[in-house]
Each structure stands twice: as structure tokens, then as C-alpha cells.
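Asker: Next up is a structure, given as C-alpha cells.
Numbering (UniProt numbering), first residue to last: 1 to 438.
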């Protein structure tokens, strides 16, 4: 900005100097016109009358042969000091001008015809007034420039400081926010400018961080609680055997410990799946997964006991995604249905537009409408004591929802025609010619 101010001042100086020079040249041209009009039938009287514009103007009237016909008093009796060669408007300085006309003089040549004869009127003046204007203006610049620079620097400092004050407040606020207290927010300026948008964006980011941190803490707490239960059961079972080594039923103790270790392993696998979901690693591979084969494999490996399981799948129906993840998705929902069904679990799948829709319905106690979204949250149980007794960690449905989302699909619960739960899984459909191999 300082450079711009200096350049502006220098430009002003040049413009002012050129303006004065142009005014002088214009005045000399007007003086030549005055002289031309002042001629009589016999020419001019000597000396020539002074300019009505400026008393310091001097003039000579030259004949075609270069002789002096008339001049102002200061040039009386002097030969021609300037000539005006043919084909040019710029007067030519002659030797006679030395010592009479300053080298810096401003001279204007004007051609005219007076009494039928061509003449040249030379008008000129010294640069005293130009020098005066230049000197005064330079003095003003010399004195005013430092003042203007200081004022401009102070003004810029104040304006920039005022403009950046909200940014400094935002910086201090963000610097004071720690992971222990993400509930704090940065001040938002009342003006909706770029800084206001910055503050709003920072607060939105802090809100996301706070929600993420709360979920992470809750997840760690819930995971710790769930891991503690099988570990405590294994320890208690073994301690009973150790306390009575001779009479303890070791086969029963081993079976119970193995059962709890399987539960622990399952829980760790579920936590690993959720960790992959948080890292965006689910559904990384895309392949054609036959829905009929998938459901048949899951039903065959699921302990259904006395339940009746019906399956109806449109032939050739396939989804696009990771086969292992989709297996886990459907298996978790089927396991949930088998766990709570009274007599029957119905599984169906059909194409809808460009999706593959899988529906799993049981005739169990069902899920209240108000809880149908919450059941997909991590570690959520509608009846914690009942679910824990059935080996439910509260992660199966959450994992199913995460896998569906990672594949561009969804899982939701809709109204059932029976008393039980009606799960609907929507996945992108795949055709044979669009099959993607891992």
C-alpha cells in the first residue's frame, strides 16, 4: 500500500507539471493570435503590445525571409532568435538566442498570413512559473509524503486490526479448547461475512468432534462392560474349580469356560467390524453375490431348533458388494429373528427397480414403533436382562446397518402383519454383465 501511495504522489507531480506546461503553451498560442489580429495595413508597431494573458510573454514576427518585422521591447533590435522550418511545428533555436533566451524557455511557433504575406509569429516565455509550481509542489510532497505515509500506515494497521480482531478471538478460543471439554464454541460475529462463515464452520466442526468424542467414550465404556462379563464368568468358573480341585466337575467347568470364550471371541469380532466401519473399510470389494445362495448358506448353518423357516427368493437375484460383509449383514438379522421368533421365520427376496430387497419376518414379540430406529445403535437392548441372557451383545443390528450403509443400501424395520418384527434390507442389485470380481 505504501508503494501505491508513493506512485500516486509521483503521478500527481508529473500530471501537475505537464498541466502547467500545457497551460503555458496554450497561453503562448493565444498571444500569437492576439499579435496576428493586432496587425494594421502597415504591419505592426514596435514594440509589440504585451500579452493580455501574461506580461512575461515575449514575441518576434518574422517575414518569409527570416527578417524580424516586429518584436516585444526586450527583443527590440535583436535578430531572429528562433525560426520555424517548413514541415514542422517545432521552433528551431538560432545562435542569436544565446544569452538572450534561456535554454529552458518554452517557445511556440505560429504560421499566419497578414496583409497577404506569410509570416511566422514566435512567442515564448521562461520557465519561471513552471519552476515555481514544480518547486512548491515538490515542497508539499516532501513535507506531506511522510505525514501521509504515517497516516496511511496507522489507518491500515487500525483497519486490518479491526478486521482481524474476530479471527484472533476465534484463534484464542480454539487454542483454549481441549479434548476434555469440546462443549465450548468460538464467538460468532454478528456480520455474516467470510469471518462469520469461518466461525460458523469452526463451531459446526467442534459440534461434530464433540458428538464423535461422546460416541467414542460411550463405545469404549460399553465395550469394556461387555468384555468384562465373559471374562468374569471364565474367571469365576475356573476359581471354583481351583478351590475344589478334587471334587470339581472339570468337564462342566471346561465347557462353561469354552462357552464364555466363544462369546468373548464373537464380541471381539463384532468390535473389529465396527472399527472397520468407522474407518470406512467395509464394502471395499465389489462382486456379484447370489442372494439365493447367500440365504441358503445362512439358513443351513443357523440353529433354528423347532422353528419353521421359509425361504422365497426370485431366481437369479444378486447384489453387488463384499460377499463376507453381506453374509454377516443377513446372518445378524436372521440370528435376531431366530432368537425371538415363537414358531416361524419367513425370509424372502425380490428385485425392486435397481435394488435387491430382502425381507426377514418373525412372529416374536416385535419391536415398538418408537424403538425401531434406536435398535440399530450400538449396545442398545430393548430389554437388557433378557437379551444378555440370550447372548445378545447389542451389536448385531448395528453392524448390519453399518454394512448396508457401506454398500449404498439401508436396513429398516417396517410394520409387520404378524406380532413380530419385519426387517427390510435394501442393497444395490447386480446383473451378470455388470459383475465385478475382487
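Heads up, the beta-carbon is just placed ideally off N, CA and C, and yes, glycines get one too. Being a predicted model, the structure only gives us computed values, none of them experimental.
Just to confirm before moving on: does the CB-CB distance between residue 91 and residue 66 stay below 9 Å?
Answerer: Mapped onto the chain shown, residue 91 falls at position 91. Mapped onto the chain shown, residue 66 falls at position 66. No, Cβ-Cβ distance for residue 91 and residue 66 is not below 9 Å.
Asker: Are the beta-carbon atoms belonging to residue 35 and residue 61 less than 9 Å from one another?
Answerer: In the chain shown, the residue the question calls residue 35 occupies position 35. In the chain shown, the residue the question calls residue 61 occupies position 61. Yes.
Asker: Any contact between the region 247–264 and the region 290–304? By contact I mean 3 or more CB pairs, one from each, below 8 Å.
Answerer: Cβ pair count under 8 Å is below three, so no.
Asker: If I follow the unbroken alpha helix (DSSP H) through residue 327, where does it start and stop?
Answerer: Sequence index remark: in the chain shown, residue 327 carries index 327 (1-based). Here the alpha helix (DSSP H) through residue 327 covers 323–340.
Asker: If contacts are defined as beta-carbon pairs under 8 Å, then residue 375 and residue 395 qualify, I think. What distance do you get, rounded to the angstrom?
Answerer: Stepping through the chain shown from its first residue, residue 375 is reached at position 375. Stepping through the chain shown from its first residue, residue 395 is reached at position 395. With a Cβ gap of about 11 Å, residue 375 and residue 395 do not count as contacting.
Asker: Among 223, 307, 327 and 122, which has the Cα closest to the Cα of residue 282?
Answerer: As a first step, residue 282 must be located in the chain shown, where it is residue number 282. If we check each option's Cα against that of residue 282, 327 comes out closest.
Asker: Return the first residue and the last residue of the alpha helix (DSSP H) that residue 45 is part of.
Answerer: As a position in the chain shown, residue 45 is number 45, starting the count at 1. Unbroken run through residue 45: none, as it is neither H nor E.
Asker: CA-CA distance, residue 94 and residue 69?
Answerer: Translated into the one-based positions of the chain shown, residue 94 becomes position 94. Translated into the one-based positions of the chain shown, residue 69 becomes position 69. Those two C-alpha atoms are separated by around 17 Å.
Asker: Among 193, 263 and 271, which residue has its Cα nearest to the Cα of residue 221?
Answerer: Reading the chain shown from its first residue, position 221 is the one you call residue 221. Answer by Cα proximity: 271.
Asker: Is residue 249 helix, strand or coil by DSSP?
Answerer: Residue 249 sits at position 249 when you count from the first residue of the chain shown. Residue state, collapsed to three classes: coil.
Asker: Would you call the region 69–83 in contact with the region 45–52, where contact means no fewer than 3 C-beta pairs closer than 8 Å?
Answerer: These segments touch.
Asker: Which word fits residue 332, buried or exposed, when buried means at least 16 other C-beta atoms lie within 10 angstroms of its C-beta?
Answerer: Residue 332 sits at position 332 when you count from the first residue of the chain shown. So residue 332 ends up on the buried side.
Asker: Using 10 angstroms around the beta-carbon of residue 422, count the other beta-carbons present and answer buried if the total reaches 16, otherwise exposed.
Answerer: As a first step, residue 422 is located in the chain shown; it is residue number 422 there, counting from the start. Per the 10 Å Cβ criterion, buried.
Asker: On the CB-based measure, 16 or more other CB atoms within 10 Å of its CB, does residue 407 come out buried or exposed?
Answerer: Within the chain shown, the letter at position 407 stands for residue 407. Buried, by the Cβ-count rule.
Asker: Note down, in chain order, each residue of its chain lying with its Cβ closer than 8 Å to the Cβ of residue 297, except the 5 sequence neighbours on either side.
Answerer: Against the chain shown, residue 297 aligns to sequence position 297. Closer than 8 Å at Cβ, skipping near neighbours: 327.
Asker: Is the region 358–369 touching the region 335–348, taking contact as three or more C-beta pairs under 8 Å?
Answerer: Verdict: yes, contact present.
Asker: With distances taken between CB atoms, is the gap from residue 230 to residue 260 smaller than 9 Å?
Answerer: On the chain shown, position 230 is the one that residue 230 refers to. On the chain shown, position 260 is the one that residue 260 refers to. Yes, the pair counts as a contact, with Cβ atoms nearer than the cut-off.
Asker: Any contact between the region 98–117 and the region 147–160? By contact I mean 3 or more CB pairs, one from each, below 8 Å.
Answerer: No, the region 98–117 does not touch the region 147–160.
Asker: Shorter than 9 Å from the beta carbon of residue 15 to some beta carbon of chain D?
Answerer: The question asks about chain D, but that chain is absent: this structure has only one protein chain.
Asker: If you draw a straight line from the alpha carbon of residue 137 to that of residue 148, how long is it in whole angstroms?
Answerer: Sequence index remark: in the chain shown, residue 137 carries index 137 (1-based). Sequence index remark: in the chain shown, residue 148 carries index 148 (1-based). Residue 137 and residue 148: Cα-Cα distance of roughly 15 Å.
Asker: Work out the CA separation of residue 216 and residue 179 for me, nearest whole Å.
Answerer: For this step, residue 179 is matched to residue 179 along the chain shown. For this step, residue 216 is matched to residue 216 along the chain shown. Cα-Cα distance, rounded: 12 Å.
Asker: As an exercise, report each continuous beta strand (DSSP E) stretch of at least 3 residues that is fully enclosed by the region 244–315, in chain order.
Answerer: Entirely contained in the region 244–315, the beta strand (DSSP E) runs reaching 3 residues are, in chain order, 287–290 and 308–313.
Asker: What are the boundary residues of the alpha helix (DSSP H) that includes residue 177?
Answerer: As a working mapping, residue 177 is identified with position 177 in the chain shown. Careful: residue 177 lies outside any alpha helix (DSSP H) and carries neither H nor E.
Asker: Hey, which unbroken runs of the beta strand (DSSP E) at 3 residues or more fall wholly within the region 46–122?
Answerer: Qualifying beta strand (DSSP E) stretches, in chain order: 58–62, 68–71 and 106–114.
Asker: How many angstroms separate the CA atom of residue 134 from the CA atom of residue 165?
Answerer: Indexing the chain shown from 1 puts residue 134 at position 134. Indexing the chain shown from 1 puts residue 165 at position 165. Whole-angstrom Cα-Cα distance: 44 Å.
Asker: Got a sec, what are the start and stop residues for the alpha helix (DSSP H) residue 373 sits in?
Answerer: Your numbering for residue 373 matches position 373 in the chain shown. No alpha helix (DSSP H) contains residue 373, which DSSP labels as neither H nor E.
Asker: In chain order, what residues of the same chain have a beta carbon less than 8 Å from the beta carbon of residue 402, not counting five sequence neighbours either side?
Answerer: Here residue 402 is taken as the residue at index 402 of the chain shown, counted from 1. Here the set comprises 273, 274, 277 and 282.
Asker: Which same chain residues, not among the five before or five after residue 347, have their C-beta less than 6 Å away from its C-beta?
Answerer: For the purposes of this step, residue 347 is taken as residue 347 along the chain shown, with counting starting at 1. Cβ neighbours of residue 347 beyond the five flanking positions: 295, 311 and 360.
Asker: Check each candidate in 305, 303 and 425 and name the one with the smallest Cα separation from residue 351.
Answerer: On the chain shown, residue 351 is found 351 positions in, with the first residue counted as 1. Considering only alpha carbons, the answer is 425.
Asker: Can you have a look at residue 431 and say buried or exposed, based on whether 16 or more other CB atoms are within 10 angstroms of its CB?
Answerer: Working through the chain shown from its first residue, we reach residue 431 at position 431. Residue 431 is exposed by the Cβ-count criterion.
Asker: Are the Cβ atoms of residue 286 and residue 321 separated by less than 9 Å?
Answerer: Position 286 of the chain shown holds residue 286. Position 321 of the chain shown holds residue 321. Yes, the pair counts as a contact, with Cβ atoms nearer than the cut-off.
Asker: Give me the Cα-Cα distance between residue 10 and residue 143, rounded to the nearest whole angstrom.
Answerer: If you number the chain shown from 1, residue 10 lands on position 10. If you number the chain shown from 1, residue 143 lands on position 143. Taking the straight line joining both Cα atoms gives about 14 Å.
Asker: Can you tell me whether residue 163 is buried or exposed? The criterion is at least 16 other CB atoms within 10 Å of its CB, across all chains shown.
Answerer: Residue numbering aside, residue 163 sits at position 163 when the chain shown is read from its first letter. By the neighbour-count rule (16 or more Cβ atoms within 10 Å), residue 163 is not buried but exposed.
Asker: Using C-beta distances below 6 Å, list every residue in its chain close to residue 184, excluding the 5 sequence neighbours before and after it, in chain order.
Answerer: For the purposes of this step, residue 184 is identified with residue 184 of the chain shown, where counting begins at 1. Cβ neighbours of residue 184 beyond the five flanking positions: 177.
Asker: Which whole-angstrom value describes the C-beta separation of residue 31 and residue 57, a residue pair presumed to lie in contact below a C-beta threshold of 8 Å?
Answerer: Position 31 of the chain shown, counted from the first residue, corresponds to residue 31. Position 57 of the chain shown, counted from the first residue, corresponds to residue 57. Confirmed, Cβ separation roughly 5 Å.
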